[in-house]
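**Student:**
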Amino acid sequence: MQSHPAIKASFASKRDRQACYERGVARLQFKLTPLMFYVLYFLEVYSQSKSDQLDHMYSLLATGYQNVPLTRAHRIDGEHMSQCHIIRSPPFEDPGVLISTHHVFFVLASYLLDAVAPDYPFNSNGDTLASMLLTIGLERIVEFFAAEKGGGYNQRTLRRTFMRNMQRDWDAYTKSDKVIGVYGGDERNHDPVPLDHIWHSPALEMLRRKGRIPHQSQDWVIVWEGVKIYLHCQHCEGMRDGWAAAGGL
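Add 215 to a position in the sequence shown, counting from 1, and you land on the number used in the numbering used here.
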């Protein structure tokens with residue numbers, strides 16, 4: 216947005232343009248904050264569901280009812296069904312809540328995919344983000360944003376702390392007795408599910424069922440003289456009077 220010729224020509228100085236940018240960021244954050252609670256709720260419920268499922272499968276192994284480790288394909292199918300169950304329940308059964316949460320997930324994933332480097336132990340930034348969302352948790356995402364916001368020596372220190380904690384949590388997960396017992400010793404079975412299987416695929420399934428693809432984006436903020444920044448997804452329409460949040464500000 217800042218580099219668009221029409222926007223640059225509309226301000227008398229770089230300082231005025233920067234003030235508009237900062238005001239837009241503040242308004243977008245104000246819009247995002249309440250919607251993030253839906254994202255947090257989904258991830259918390261899903262995390263508990265995964266933990267309960269792992270405990271159940273481990274108990275079956277312990278009692279002899281299950282003696283073959285689950286494959287990664289079985290795990291992906293099971294996690295998809297679990298997410299669909301969550302999305303069919305309140306508050307996501309409301310189409311407006313479902314669409315708004317989908318937009319926040321899209322913006323969050325777009326930003327993190329651009330910002331997160333594919334460091335060990337992951338082979339891609341998609342794997343890194345999938346692990347952050349599901350295995351390591353939101354605590355690490357908060358650490359990541361804190362590192363990005365810091366400056367100089369403090370930023371480097373926070374980044375090292377973030378990666379060290381991330382690797383420690385991942386190692387603790389993959390080496391736990393329950394994970395090894397249920398999914399076997401093959402490390403490929405422990406890989407994070409594909410990123411588009413976290414919320415995205417189950418949510419699109421529900422949006423199609425509700426006849427909401429495509430849809431109009433109602434999640435936007437005005438940053439300057441009618442110019443809008445939209446929270447959006449790839450199935451949104453009607454954003455000709457503004458920018459998409461994932462690539463806007």
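Beta carbons: idealized from backbone N, C-alpha and C, even for Gly. This one's a predicted model, so the numbers in the text were calculated from it and none came from an experiment.
DSSP three-state call for Q281: helix, strand or coil?
**Tutor:** In the structure shown, Q281 sits in coil (DSSP, three-state: anything other than H, G, I, E or B).
**Student:** Can you tell me whether DSSP reads K425 as helix, strand or coil?
**Tutor:** Coil at K425, not helix or strand.
**Student:** When you compare only the Cα positions, how much space is there between E420 and H430?
**Tutor:** Taking the straight line from one Cα to the other gives about 14 angstroms.
**Student:** Between V408 and A345, how many whole angstroms is the CB-CB distance? I'm expecting something under 8 angstroms.
**Tutor:** The Cβ separation is near 6 angstroms, so the contact holds.
**Student:** What three-state label does DSSP hand V240 in the structure shown?
**Tutor:** Reduced to three states, the DSSP call for V240 is helix.
**Student:** So who's on the other strand from G457, going by DSSP bridges?
**Tutor:** Paired residues: K443.
**Student:** Rounding to the nearest angstrom, what Cα-Cα distance links V240 and Q449 in this structure?
**Tutor:** C-alpha separation (whole angstroms): 22 angstroms.
**Student:** Quick check: the Cα distance between Y335 and I291, rounded to an integer number of angstroms?
**Tutor:** For Y335, the pLDDT reaches just 44, beneath the cut-off of 50, and the residue's location in the model is therefore unreliable, leaving the point undetermined.
**Student:** If we count Cβ pairs, one from each stretch, closer than 8 angstroms, do we get three or more for the segment 312-322 versus the segment 247-258?
**Tutor:** The segment 312-322 is in contact with the segment 247-258.
**Student:** Just verifying my parser: in three-state terms, what is the DSSP assignment at C195?
**Tutor:** The first residue shown for the chain is 216 and the last is 464, placing residue 195 beyond what the model contains.
**Student:** Return the first residue and the last residue of the alpha helix (DSSP H) that I413 is part of.
**Tutor:** Neither: I413 is in no alpha helix (DSSP H) and is coded neither H nor E.
**Student:** Since M251 and V397 should fall inside the 8 angstroms C-beta cutoff, what is the C-beta to C-beta distance between them, to a whole number of angstroms?
**Tutor:** About 31 angstroms; that fails the 8 angstroms criterion.
**Student:** Could you tell me the distance, in whole angstroms, from the CA atom of A460 to the CA atom of C299?
**Tutor:** About 26 angstroms.
**Student:** Tell me the residue span of the alpha helix (DSSP H) that contains H289.
**Tutor:** It spans 287-302 - the alpha helix (DSSP H) in which H289 sits, taken as one unbroken run.
**Student:** Can you say whether S432 is buried or exposed, counting buried as having 16 or more other CB atoms within 10 angstroms of its CB?
**Tutor:** Classification of S432: buried, given that the 10 Å Cβ count is 16 or more.
**Student:** If you follow the alpha helix (DSSP H) that D392 is part of, which residue opens it and which one closes it?
**Tutor:** Per DSSP, D392 belongs to the alpha helix (DSSP H) from 392-398.
**Student:** Taking C-beta to C-beta, are R427 and P310 nearer than 7 angstroms?
**Tutor:** Going by C-beta atoms, R427 is nearer than 7 angstroms to P310.
**Student:** Spatial neighbours of G399 within its chain, please: CB distance less than 6 angstroms, with the 5 preceding and 5 following residues excluded, ordered by chain position.
**Tutor:** Around G399: P284.
**Student:** Per the DSSP calculation, W435 is bridged to which residue(s)?
**Tutor:** For W435, which the question treats as bridged, DSSP gives the partners Y445.
**Student:** If you draw a straight line from the alpha carbon of F321 to that of V442, how long is it in whole angstroms?
**Tutor:** One C-alpha to the other measures close to 21 angstroms.
**Student:** Excluding the 5 residues preceding and the 5 following Y275 in the sequence, name in chain order all residues of the same chain whose CB lies nearer than 8 angstroms to its CB.
**Tutor:** Strictly speaking, residue 275 in this sequence is Leu, with Tyr absent from that position. Answer for L275: Q281, listed in chain order.
**Student:** Under the rule that 16 or more other beta-carbon atoms within 10 Å means buried, what is I302, buried or exposed?
**Tutor:** Buried, because 16 or more other Cβ atoms sit within 10 Å of the Cβ of I302.
**Student:** Round the Cβ separation of G457 and I444 to the nearest angstrom and send it over; I've been treating them as touching at under 8 angstroms.
**Tutor:** Indeed they touch by this definition, with Cβ atoms about 6 angstroms apart.
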